[in-house]
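Protein chains in written order, with the numbering used here: chain L, 1 to 228; chain S, 229 to 444; chain W, 445 to 510; chain V, 511 to 758.
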């Protein structure tokens, strides 16, 4: 009986398991996506169909909807594992908790973040986004949504043991999302005016690196509190 | 449990105090658990049995006091302690979306093993033929057995089991008891709670820690 | 040296009375409420504890009389 | 240093210390705030640009600067509580949070009441007001997280983690909001030009800033004492106090 699981293997094992569960439970992938699409389509109905107005507010709408969709889907991140005791087993596993947590967040991002990025250009068409903003939209979503997942996971980890976590969760994590929102929308705006937006993108990248390093530890500590 | 000369202390509790919702569950509780012990934690509902198990496992933090693994605080040597610890709670960490085989594979790999024959292990807990059935479709007893299968492939010395016999039939309980005895004879220890009577593990072998329901 | 020549001039605040007094009113009002609630907190905590002690005494009595 | 700190990890000693400090804080807070406010309201010269409305500064600036300071204090207490597992520090954090939220609310409201005559509107998405609003949300998050857990030991740890995450994020949020507001409305009216402020105007402001700090300290001590009692309801010394209070 020997133990020879490397960190990478542990990471991949958990990733594989989460993806497998999600594929057998498809609603989890489609519901947040559907929410994203619905919220975006409501805006033209609310503010009128003028292309100039829509293209002016498109970056903001798409990003705010992405923010909300990400938060909505995150609520489920640790819930099932918490309810059936798998989370305890993870906390007691000899593998470092931050690695396991990172793997779960990555699985979640693959399942909800990536579909969001794929469907965003379609919604941008509906909102008459400036044609030269598309690359910026995709790039900011690609770099920005993982930050949302990582920061949001902290809030989810803190509230997973509570019965009424929903509204509380939004209060905890939406303020933390503000910087991503600001830099992402301004990058898309800049791209629309044919201005360089690498600066904004670099800042979001820096946030991604920072949260990749720090968030897993905060998530791990929060989970230890929640399972207490 | 005194006839063993070469007793090694595996877990030591130092003056544990546990407070839940302003009620003191236990105060200044100290004990030692040696290699070779089978310890049953006894007490009425609400006395804090599960809380004590979770504190020993390091899942909950006591209000005061510490748990030592051999002779180090478990917060100082979490990785070593986790390597030597097998904890199964009320909820066993079995995913209903996965098959019995996938569940066992995942749980064992999470604990770091990669040299096991999961079909063989599932056969040992009488789940032969159910290997590829979704855990959600299994009965409560089979569900529980999926989790317990890990006990047959582990080199952890400290087993902490919260109600391991729940939903297990008589024959299964006996098999588990045999396993516990074998485990303690090879230098491990078992800390558990149960409401069921055991046939093989008699009172001479069993050590008990009693918790009373306290009002204050 | 006092900057205002009369009380009414002081209260008028150079035409900004509403804003100035609103600010000061809300500030000291909310601080006052906070202070009041904080001061009362101690008493209510102690009363709650003594109620709990009574409850425990009753529980002990019923148990010992059984 | 750590030995000294650890001796106050005992709730009873912390309670006694708080009781000793409270009158000093309360007295000096009242003194400073009365002097600062009366001086500011009556004796400080009028601002030639903003007229008498500038007198709001004597509560707006102290509460704005203290709202951030209180958050830092709360997060530091949480940090001590989490890292060294000192429960008395957790309780300090729990006592500061509601006070910080009230102070932040005051800063926002006085900002709005000042903005109306100056900018002609109650609310502008000015960088300072916006980050103050975000700070209020952070406070409310900490407070409601603390309230959501029934086990207050866990509540303190959860709220502590959130407070620390918030502290790491505050500079980022502040920077991003500053940058965003400079992008969207260049050259906003500066509320205070500190360098240009004459001494007669500045002195009462500084006194009030200091006074607000002392007042936050005093109210924290009041709440802290109640918090210690609530968390130690099963200890004999608290039960004595409870008996005395009930027989009153």
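Heads up, the beta-carbon is just placed ideally off N, CA and C, and yes, glycines get one too.
These numbers come from a predicted model, not from an experiment.
Cutoff 9 Å: residue i Cβ touching any chain V Cβ
i              : result
residue 502(W) : no
residue 450(W) : no
residue 154(L) : yes
residue 221(L) : yes
residue 454(W) : yes
residue 505(W) : no
residue 487(W) : yes
residue 359(S) : no
Under 9 Å between C-beta atoms of residue i and residue j
i              : j              : result
residue 435(S) : residue 302(S) : no
residue 39(L)  : residue 15(L)  : no
residue 148(L) : residue 113(L) : yes
residue 646(V) : residue 680(V) : no
residue 389(S) : residue 332(S) : no
residue 135(L) : residue 117(L) : no
residue 81(L)  : residue 90(L)  : yes
residue 808(V) : residue 592(V) : Residue 808(V) is absent from the structure shown; chain V starts at 511 and stops at 758.
residue 120(L) : residue 674(V) : no
residue 537(V) : residue 718(V) : no
residue 586(V) : residue 613(V) : no
residue 228(L) : residue 346(S) : no
residue 715(V) : residue 550(V) : yes
residue 489(W) : residue 754(V) : no
Beta carbon proximity, residue i to chain S, threshold 9 Å
i              : result
residue 571(V) : no
residue 20(L)  : yes
residue 663(V) : yes
residue 660(V) : yes
Classification of residue i by the beta-carbon crowding that lies within 10 angstroms, buried from 16 upward
i              : result
residue 460(W) : buried
residue 169(S) : Here chain S has residues from 229 to 444 only, and residue 169(S) is not among them.
residue 312(S) : buried
residue 175(L) : buried
residue 750(V) : exposed
residue 58(L)  : buried
residue 624(V) : buried
residue 711(V) : buried
residue 258(S) : exposed
residue 535(V) : buried
residue 23(L)  : exposed
residue 594(V) : exposed
residue 7(L)   : exposed
residue 498(W) : exposed
residue 83(L)  : exposed
residue 322(S) : buried
residue 508(W) : exposed
residue 734(V) : buried
residue 690(V) : buried
Any chain L beta carbon closer than 9 Å to residue i
i              : result
residue 566(V) : no
residue 579(V) : no
residue 239(S) : no
residue 545(V) : no
residue 647(V) : yes
residue 632(V) : no
residue 254(S) : no
residue 692(V) : no
Own chain, CB closer than 6 Å to residue i, minus 5 neighbours either side, in chain order
i              : result
residue 172(L) : 155
residue 318(S) : 390
residue 102(L) : 216
residue 640(V) : 687
8 Å contact criterion, which residue i and residue j should meet: CB distance rounded
i              : j              : result
residue 63(L)  : residue 159(L) : In fact, because the Cβ distance is near 24 Å, the residues do not count as touching under 8 Å.
residue 439(S) : residue 254(S) : 6 Å
residue 660(V) : residue 270(S) : Their Cβ separation, rounded to whole angstroms, is 27 Å, which puts residue 660(V) and residue 270(S) out of contact at 8 Å.
Contacts around residue i, its chain only, beta-carbon distance under 8 Å, and the 5 residues preceding and following it disregarded
i              : result
residue 326(S) : 334, 362, 363
residue 666(V) : 588, 591, 597, 600, 601, 603, 604, 656
residue 556(V) : 562, 564
Contacts around residue i, its chain only, beta-carbon distance under 7 Å, and the 5 residues preceding and following it disregarded
i              : result
residue 177(L) : 67, 148, 151
residue 731(V) : 528, 531, 532, 535
residue 192(L) : 130, 132, 133
residue 105(L) : 149, 150, 153
The ligand ADP heavy atom lying under 8 Å from the CB of residue i
i              : result
residue 741(V) : Inclusion of the ligand ADP in the displayed structure is not the case, the ligand content being empty and no account of it being possible.
is_contact[residue i, chain W] using C-beta, thresh 9 Å
i              : result
residue 521(V) : no
Any chain C beta carbon closer than 9 Å to residue i
i             : result
residue 83(L) : Protein chains in the displayed structure are L, S, W and V, and chain C is not among them.
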